[in-house]
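Q:
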């Protein structure tokens with residue numbers, strides 16, 4: 008406390024003592040004005056001293072709040088609100104007090120002993136009734152959850168150890184419910200995978216068997232028709248091989264046990280090479296490829312084979328679903344920490360629900376009618392691309408608005424060439 012506050016307190020205390028002495032001297036006289044004047048003087052002194060400074064009020068407020076918090080904490084500890092041990096101690100103590108008071112009214116030793124035991128048990132049972140009820144509540148809740156009702160939740164009405172147990176049981180039930188839901192979705196996904204694979208394998212396989220059967224029976228008119236049957240059968244085997252390769256690659260990438268063969272490569276040159284190799288295929292489809300790449304080299308660490316597969320899937324997808332005649336724009340934007348590759352094309356608009364399904368396996372949309380030069384898709388290309396990008400620590404997404412599609416790949420520029428590191 009400052010000297011100013013201390014002087015203020017002394018002045019008020021002095022006025023109080025002076026007033027008390029004066030009132031005693033007055034005794035029971037008829038003069039009632041003087042004490043009032045003294046009290047008014049005390050108030051005036053207090054107001055005059057306190058008005059220039061609010062230190063006393065601030066001190067009282069600060070220590071008052073601290074005192075309230077301290078009292079609350081002491082009360083929580085003493086009352087046992089957060090401790091079953093303290094509650095049991097209070098139950099034993101109060102039961103003993105009540106029992107001792109009652110048996111003091113009965114001098115008989117045997118009667119006192121019997122009353123002591125009976126009254127103590129009754130009092131202790133009454134005082135611990137809420138604890139026992141909560142324990143049974145937890146036990147019954149565990150039985151309900153163990154029986155398979157994972158939607159059941161224990162009411163959390165206590166703040167002691169039983170309340171913590173109830174919260175942990177609810178958390179356990181929530182985790183089990185989420186795990187069961189994941190397993191259910193996995194089983195549904197597995198069944199869908201088997202159904203889709205069976206259908207996609209059966210279609211080309213049936214065609215191959217049909218063409219081979221015609222060739223075996225020599226059911227052709229001339230050598231030209233025979234060559235056409237052989238060529239069709241060969242194309243179907245190629246489709247079958249592509250599907251099996253895609254399935255193998257998707258399964259391998261989905262399990263996350265792929266070891267990337269990382270090597271430093273100029274991402275800019277890699278994109279240029281891929282676009283030039285893909286240009287004849289796009290030209291046959293009536294699609295023009297446009298490059299918007301930064302002139303500077305972009306040195307990154309990646310698995311070249313896997314990344315080429317991912318980008319090739321994006322280019323194939325954009326070419327297959329573009330309007331004809333149309334354009335596919337490939338852009339590469341570099342920053343200090345990230346590199347972003349985007350593939351843009353214009354096609355038929357799709358719904359929001361279809362957007363969310365594009366990266367799901369075996370989800371296919373109807374391509375344009377003149378894609379006779381394009382190999383048939385099986386709905387695995389974008390799923391494989393996503394897995395490859397995520398294995399590299401990047402992310403892939405789609406921006407779509409009224410038929411304008413923009414697939415983006417963003418990856419960190421985390422590694423440089425050894426020569427660049429030495430220069431830094």
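Numbering (the numbering used here), first residue to last: 8 to 431. Every residue, glycine too, gets a C-beta built ideally from N, C-alpha and C.
Based on the DSSP secondary-structure assignment, which residues constitute the bridge partners of residue 126?
A: Translated into the one-based positions of the chain shown, residue 126 becomes position 119. Answer is none; residue 126 lacks a bridge partner.
Q: Can you tell me which of the three DSSP states residue 294 falls into?
A: Position 287 of the chain shown holds residue 294. Here residue 294 sits in strand by DSSP.
Q: Are there three or more Cβ pairs, one per stretch, closer than 8 angstroms when the region 347-361 is compared with the region 220-235?
A: Contact fails: fewer than three Cβ-Cβ distances are below 8 angstroms.
Q: Specify the secondary structure class of residue 146 as computed by DSSP and reduced to three states.
A: As a first step, residue 146 is located in the chain shown; it is residue number 139 there, counting from the start. Residue 146: helix per DSSP, three-state reduction.
Q: I think residue 396 touches residue 317, with their Cβ atoms under 8 angstroms apart; what is that distance to the nearest whole Å?
A: The count along the chain shown starts at 1 and reaches residue 396 at position 389. The count along the chain shown starts at 1 and reaches residue 317 at position 310. Residue 396 to residue 317, Cβ: 6 angstroms. Contact.
Q: Out of curiosity, what's the CA-to-CA distance linking residue 107 and residue 137?
A: As a position in the chain shown, residue 107 is number 100, starting the count at 1. As a position in the chain shown, residue 137 is number 130, starting the count at 1. Each residue's alpha carbon lies about 24 angstroms from the other.
Q: If residue 111 and residue 130 are in contact, beta carbons under 8 angstroms, what's the gap, nearest whole angstrom?
A: If you number the chain shown from 1, residue 111 lands on position 104. If you number the chain shown from 1, residue 130 lands on position 123. The Cβ separation is near 15 angstroms, so there is no contact.
Q: Whose CA, out of 170, 128, 179, 296, lies closest to the CA of residue 98?
A: Position 91 of the chain shown, counted from the start, is the residue given in the question as residue 98. Comparing Cα positions, the closest option is 128.
Q: I'd like to check one pair, residue 188 with residue 91: are the Cβ atoms closer than 8 angstroms?
A: Locating residue 91 in the chain shown gives position 84, where the first residue counts as 1. Locating residue 188 in the chain shown gives position 181, where the first residue counts as 1. In this structure, residue 188 does not lie closer than 8 angstroms to residue 91 by Cβ.
Q: Which residue from 355, 393, 253 puts its Cα closest to that of residue 367?
A: By 1-based counting over the chain shown, the position of residue 367 is 360. The shortest C-alpha separation from residue 367 is found at 393.
Q: Buried or exposed, going by whether 16 or more other CB atoms sit within 10 Å of the CB of residue 324?
A: Along the chain shown, read from residue 1 onward, the residue named residue 324 stands at position 317. Flag for residue 324 reads buried.
Q: With 16 other CB atoms within 10 Å as the buried threshold, where does residue 412 fall?
A: Here residue 412 corresponds to residue number 405 of the chain shown, with the count starting at 1. Flag for residue 412 reads buried.
Q: Would you kindly check if the distance between the Cβ of residue 354 and the Cβ of residue 410 is under 8 angstroms?
A: Position 403 of the chain shown, counted from the first residue, corresponds to residue 410. Position 347 of the chain shown, counted from the first residue, corresponds to residue 354. Result yes, Cβ atoms of residue 410 and residue 354 sit closer than 8 angstroms.
Q: Are three or more beta carbon pairs between the region 172-187 and the region 212-219 nearer than 8 angstroms?
A: No, because fewer than three Cβ pairs between the region 172-187 and the region 212-219 fall closer than 8 angstroms, the two stretches do not touch.
Q: Is residue 206 helix, strand or coil when you go by DSSP?
A: If you number the chain shown from 1, residue 206 lands on position 199. Looking at residue 206 - three-state DSSP - the assignment turns out to be helix.
Q: Just the C-alpha distance for residue 195 and residue 164, rounded to the nearest angstrom, thanks.
A: Locating residue 195 in the chain shown gives position 188, counting from the first residue. Locating residue 164 in the chain shown gives position 157, counting from the first residue. Computed Cα separation, rounded: 39 angstroms.
Q: Does the contact criterion of 3 or more C-beta pairs under 8 angstroms hold for the region 282-299 versus the region 330-346?
A: Verdict: yes, contact present.
Q: So what does residue 352 bridge to, in DSSP terms?
A: By one-based count along the chain shown, residue 352 stands at place 345. Looking at the DSSP assignment, residue 352 forms a beta bridge with 335, 412.
Q: According to DSSP, simplified to helix, strand and coil, what is residue 222?
A: Here the question's residue 222 lines up with position 215 in the chain shown. If DSSP states are grouped into helix, strand and coil, residue 222 belongs with the helices.
Q: Are any of the Cβ atoms in chain B nearer than 8 angstroms to that of residue 214?
A: The chain inventory of the structure shown lacks chain B, comprising one protein chain alone.
Q: With 16 as the cutoff for other CB atoms within 10 Å, does residue 155 come out buried or exposed?
A: Residue mapping note: residue 155 aligns to position 148 of the chain shown, counting from 1. By the 10 Å Cβ count, residue 155 comes out exposed.
Q: Spell out the partners DSSP gives residue 273 in its beta bridges.
A: Residue mapping note: residue 273 aligns to position 266 of the chain shown, counting from 1. BP columns for residue 273 point to 306.
Q: Let me make sure I understand the geometry here. Which of 299, 142, 198 has the alpha-carbon closest to that of residue 173?
A: Translated into positions along the chain shown, residue 173 becomes position 166. Of the listed residues, the one whose Cα sits closest to residue 173 is 142.
Q: Helix, strand or coil for residue 402 per DSSP?
A: Here residue 402 corresponds to residue number 395 of the chain shown, with the count starting at 1. Here residue 402 sits in strand by DSSP.
Q: Identify which residue in 347, 312, 351, 340 has its Cα closest to the Cα of residue 330.
A: Stepping through the chain shown from its first residue, residue 330 is reached at position 323. With distances taken between Cα atoms, residue 330 lies closest to 351.
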